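Peer 1: Let me give you the structure first, and then I'll get to my questions.
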Amino acid sequence: MTKTPYVLIVEDDDWLAEQHIRTLSAAGIRAEYVPHALAAIDAIDNNVPDAIVLDVLLAGPNAFTLLHELQSHADLASIPVILCTNSADQLADEDVVAYGVRRVLDKAIMVPGDLVAAIKKVLP
Amino acid sequence: MVTAAHELKAPLALVRQLSLTLEQGSVTPAERERMLRQIVLVSERALRLTTDLSRSSRLQDSLFELEPLNPQQICEEVAHELTPLYKARGREIHVTSRYRPMLVVANRDLLRRIMLNFGDNALHYGDEGAPVELRAGVREDGARIRLGVRDYGPAVPIDMWQQLQSHLGSSTQVLHARPQSSGLGLYVAGRFAEAMQGKIGATRHRDGATFYVDLTASTQMSLL
Chain A
1 MTKTPYVLIV
11 EDDDWLAEQH
21 IRTLSAAGIR
31 AEYVPHALAA
41 IDAIDNNVPD
51 AIVLDVLLAG
61 PNAFTLLHEL
71 QSHADLASIP
81 VILCTNSADQ
91 LADEDVVAYG
101 VRRVLDKAIM
111 VPGDLVAAIK
121 KVLP
Chain B
125 MVTAAHELKA
135 PLALVRQLSL
145 TLEQGSVTPA
155 ERERMLRQIV
165 LVSERALRLT
175 TDLSRSSRLQ
185 DSLFELEPLN
195 PQQICEEVAH
205 ELTPLYKARG
215 REIHVTSRYR
225 PMLVVANRDL
235 LRRIMLNFGD
245 NALHYGDEGA
255 PVELRAGVRE
265 DGARIRLGVR
275 DYGPAVPIDM
285 WQQLQSHLGS
295 STQVLHARPQ
305 SSGLGLYVAG
315 RFAEAMQGKI
325 GATRHRDGAT
335 FYVDLTASTQ
345 MSLL
């Protein structure tokens, strides 16, 4: 039996997070969301996700703090991360790839299907 | 201009995502109703910001009538206006009552906009289930009235707080400890306060923050 993929969404806008969950759920992907990086670390401790969808500007420590944290643990460094942000135009792929980021989605121009496609592309 | 564009991106991006999903038509009637409500509330928030921006750009050319106002009543009006947005996010906003408050000298519209900005700001940072409180009180010298919005949540680390304090009302930059706080909204609030000879500020608490505006107290007696 195929395992249902599990995605952790780190997003401080709960309505947008809800929207992502709705989209992923319709595509057969199980997703949960947390509102900030510290909650993400707790959630990952409890249940390692198959992929992480990460906003950049978060309350408290930002996305890069979480990315550093993930990179510092051998068992977590390989979790594929998709940045989903309104600041995509300020992020160069070559600058974020070292942090384990596999895709950057621009919230302003993406369509709901882009998130599903990006996750399916990076899932092991 | 760049900051304004950036801050408007977030609500517009959400409205677009919700609209695209509705267009696909694969949602239940209950979901559809909820999403439409979210679109309305997010649009209203964005419109408040654009209205504040245009108002702010005309400040120097305009004369604002200052009058004695009941600060308690302003707090109640703002709480009433923000209640649908708070309710939709499962949050509560209320006014801490005060018996016969002193009057404040202010422009009603500008003061309401300042408090709406603070209320919008607080919405994203309280603990789930913790209310946001609006309150008005007299400063120690009796010459100033403080209207504030208190949220309850994790304390902002001190280094981030110092950064926030140094930029508060003087820069349009997003506050990195509170990214959904509108740096632009607080900047505009600061300009509105200055137009009424007041100033905005913030107090860090162990369990949250208060954003406030200090304005001149009226020497007239309140009959309300």
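Protein sequences, first through last, are from chains A and B. When you line the first sequence up against this note's numbering, it's residues 1 to 124, in that order. When you line the second sequence up against this note's numbering, it's residues 125 to 348, in that order. We treat Cβ as the ideally placed atom computed from N, Cα and C, and that holds for glycine. Quick caveat, the model's predicted, so the values are computed rather than measured.
Reducing DSSP to helix, strand and coil, say where B/A313 ends up.
Peer 2: By 1-based counting over the second sequence, the position of residue 313 of chain B is 189. Helix, per DSSP.
Peer 1: When you compare only the Cα positions, how much space is there between B/D233 and A/D13?
Peer 2: Stepping through the second sequence from its first residue, residue 233 of chain B is reached at position 109. Stepping through the first sequence from its first residue, residue 13 of chain A is reached at position 13. Their Cα atoms are separated by approximately 28 Å.
Peer 1: List, in chain order, every chain A residue whose beta-carbon is nearer than 9 Å to that of B/H130.
Peer 2: Position 6 of the second sequence, counted from the start, is the residue given in the question as residue 130 of chain B. Within 9 Å Cβ-Cβ: N86, S87.
Peer 1: Report all residues from its chain with a CB closer than 6 Å to the CB of B/A313; omit the five preceding and five following residues, and keep chain order.
Peer 2: Position 189 of the second sequence, counted from the start, is the residue given in the question as residue 313 of chain B. Excluding sequence neighbours, B/A313 sits near I238, N241, I324.
Peer 1: With a threshold of 16 other CB atoms inside 10 Å of the CB of B/L299, please say whether the residue is buried or exposed.
Peer 2: Here residue 299 of chain B corresponds to residue number 175 of the second sequence, with the count starting at 1. At B/L299, the pLDDT of 48 sits below 50, so the modelled position is not reliable; the number obtained from the coordinates is stated separately. By the neighbour-count rule (16 or more Cβ atoms within 10 Å), B/L299 is buried.
Peer 1: What does the alpha-carbon distance come out to for the pair A/D89 and B/E155?
Peer 2: As a first step, residue 89 of chain A must be located in the first sequence, where it is residue number 89. As a first step, residue 155 of chain B must be located in the second sequence, where it is residue number 31. Using only the alpha carbons, I get a separation of about 32 Å.
Peer 1: Rank B/L206, B/C199, B/M226 by C-alpha distance to the C-alpha of B/Y336 and give the top, closest one.
Peer 2: By 1-based counting over the second sequence, the position of residue 336 of chain B is 212. It is B/C199 whose Cα lies nearest to the Cα of B/Y336.
Peer 1: Roughly how many angstroms lie between the CA atoms of A/S87 and B/G266, to the nearest whole one?
Peer 2: Sequence index remark: in the first sequence, residue 87 of chain A carries index 87 (1-based). Sequence index remark: in the second sequence, residue 266 of chain B carries index 142 (1-based). Between A/S87 and B/G266, the C-alpha separation is close to 46 Å.
Peer 1: Under 8 Å, Cβ to Cβ, is there at least one residue of chain B near A/R22?
Peer 2: Position 22 of the first sequence, counted from the start, is the residue given in the question as residue 22 of chain A. Yes - at least one Cβ of chain B is within 8 Å of the one on A/R22.
Peer 1: Output yes if chain A places a C-beta closer than 8 Å to the C-beta of B/K133; else output no.
Peer 2: On the second sequence, residue 133 of chain B is found 9 positions in, with the first residue counted as 1. Chain A contact via Cβ: present.
Peer 1: Between the Cα of A/I109 and the Cα atoms of A/T85, A/N47, A/K121, which residue gives the shortest distance?
Peer 2: Residue mapping note: residue 109 of chain A aligns to position 109 of the first sequence, counting from 1. Of the candidates A/T85, A/N47, A/K121, the one whose C-alpha sits nearest the C-alpha of A/I109 is A/T85.
Peer 1: Which term fits B/L348, buried or exposed, when burial requires 16 or more other beta carbons within 10 angstroms of its beta carbon?
Peer 2: Counting from one through the second sequence, the residue named residue 348 of chain B turns up at place 224. For B/L348, the predicted structure reports a pLDDT of 49, less than 50, and the residue's modelled location is therefore unreliable. A value from the coordinates is still provided. Exposed, by the Cβ-count rule.
Peer 1: Which residue spans inside the segment 139-227 of chain B form an unbroken alpha helix (DSSP H) run of at least 4?
Peer 2: Qualifying alpha helix (DSSP H) stretches, in chain order: 153-181, 195-212.
Peer 1: If you measure between the beta carbons of A/G100 and A/A77, is that distance less than 8 Å?
Peer 2: Looking up residue 100 of chain A in the first sequence gives position 100. Looking up residue 77 of chain A in the first sequence gives position 77. In this structure, A/A77 lies closer than 8 Å to A/G100 by Cβ.
Peer 1: Would a check of beta-carbon distances place B/T206 closer than 8 Å to chain A?
Peer 2: Taking the first residue of the second sequence as 1, we reach residue 206 of chain B at position 82. With the sequence shown as reference, residue 206 of chain B is identified as Leu, and Thr is not the correct amino acid for it. Chain A, which has no Cβ nearer than 8 Å to the Cβ of B/L206, makes this no.
Peer 1: Check B/D274 in the structure and name its three-state DSSP category.
Peer 2: Sequence index remark: in the second sequence, residue 274 of chain B carries index 150 (1-based). At residue 274 of chain B the sequence reads Arg, which differs from the Asp that was named. Strand, per DSSP.
Peer 1: State yes or no: is the beta carbon of A/V111 nearer than 8 Å to at least one beta carbon in chain B?
Peer 2: Within the first sequence, the letter at position 111 stands for residue 111 of chain A. Taking Cβ atoms only, chain B reaches closer than 8 Å to A/V111, which makes this a yes.
Peer 1: Using alpha carbons as the reference points, say which of B/S181, B/R274, B/A254, B/Q162 lies closest to B/Y311.
Peer 2: Position 187 of the second sequence holds residue 311 of chain B. The shortest C-alpha separation from B/Y311 is found at B/S181.
Peer 1: At a Cβ cut of 9 Å, what residues of the segment 73-103 of chain A count as close to chain B, listed as they run along the chain?
Peer 2: Within the segment 73-103 of chain A, the residues whose Cβ lies closer than 9 Å to some Cβ of chain B are N86, S87, listed in chain order.
Peer 1: Return the bridge partner residues of A/V48 from the DSSP annotation.
Peer 2: Against the first sequence, residue 48 of chain A aligns to sequence position 48. Looking at the DSSP assignment, A/V48 forms no beta bridge with any residue, so it has no partner.
Peer 1: Would A/I52 and A/Y33 be called neighbours here (beta carbons separated by less than 8 Å)?
Peer 2: Taking the first residue of the first sequence as 1, we reach residue 52 of chain A at position 52. Taking the first residue of the first sequence as 1, we reach residue 33 of chain A at position 33. Going by C-beta atoms, A/I52 is not nearer than 8 Å to A/Y33.
Peer 1: Which residues in the same chain as B/L339 place their Cβ atom closer than 7 Å to its Cβ, once the five residues preceding and following it in sequence are excluded?
Peer 2: Locating residue 339 of chain B in the second sequence gives position 215, counting from the first residue. Counting only Cβ-Cβ distances below 7 Å, and skipping sequence neighbours, we find V228, V229, A230, R268, I269, M320, G322.
Peer 1: Using a cut-off of 8 Å between C-beta atoms, extract the partners of A/L16 located in chain B.
Peer 2: Start at 1 with the first residue of the first sequence, and residue 16 of chain A comes out as number 16. Under the 8 Å cutoff, chain B gives A137, L138, Q141.
Peer 1: So B/S150 contacts chain A; which residues on that side make the cut at Cβ distance below 8 Å?
Peer 2: Mapped onto the second sequence, residue 150 of chain B falls at position 26. In chain order: A26.
Peer 1: Thinking just about the alpha-carbon of each residue, which of B/Y276, B/G243, B/M226 is nearest to the one in B/V262?
Peer 2: Stepping through the second sequence from its first residue, residue 262 of chain B is reached at position 138. Measuring from the Cα of B/V262, the nearest candidate turns out to be B/M226.
Peer 1: Take A/Y6 and list the residues in its own chain whose beta-carbon comes closer than 6 Å to its own, dropping the five residues that flank it on each side.
Peer 2: Start at 1 with the first residue of the first sequence, and residue 6 of chain A comes out as number 6. Excluding residues within five positions, the ones whose Cβ falls inside 6 Å are R30, P49, D50.
Peer 1: What is the rounded straight-line gap between the Cα of B/P303 and the Cα of A/L58?
Peer 2: If you number the second sequence from 1, residue 303 of chain B lands on position 179. If you number the first sequence from 1, residue 58 of chain A lands on position 58. Caution is warranted here: a pLDDT of 48 is assigned to B/P303, below 50, making its placement in the model unreliable, and no coordinate value can be reported.
Peer 1: Would you say A/D42 faces chain B, with C-beta separation under 8 Å as the test?
Peer 2: Start at 1 with the first residue of the first sequence, and residue 42 of chain A comes out as number 42. Judged by the 8 Å Cβ criterion, A/D42 is not in contact with chain B.
Peer 1: What residues in the segment 212-231 of chain B have a beta carbon less than 8 Å from any beta carbon of chain A?
Peer 2: If the cut-off is 8 Å between Cβ atoms, the segment 212-231 of chain B has R213 near chain A.
Peer 1: Between the segment 305-337 of chain B and chain A, which residues of the former have CB atoms less than 7 Å from a CB of the latter, in chain order?
Peer 2: For the segment 305-337 of chain B, which is checked against every Cβ of chain A, not one residue is closer than 7 Å.
Peer 1: Kindly provide the ranges of any alpha helix (DSSP H) runs that are 4 or more residues long and lie completely inside the segment 2-52 of chain A, ordered along the chain.
Peer 2: 14-26, 37-46, all fully within the segment 2-52 of chain A.
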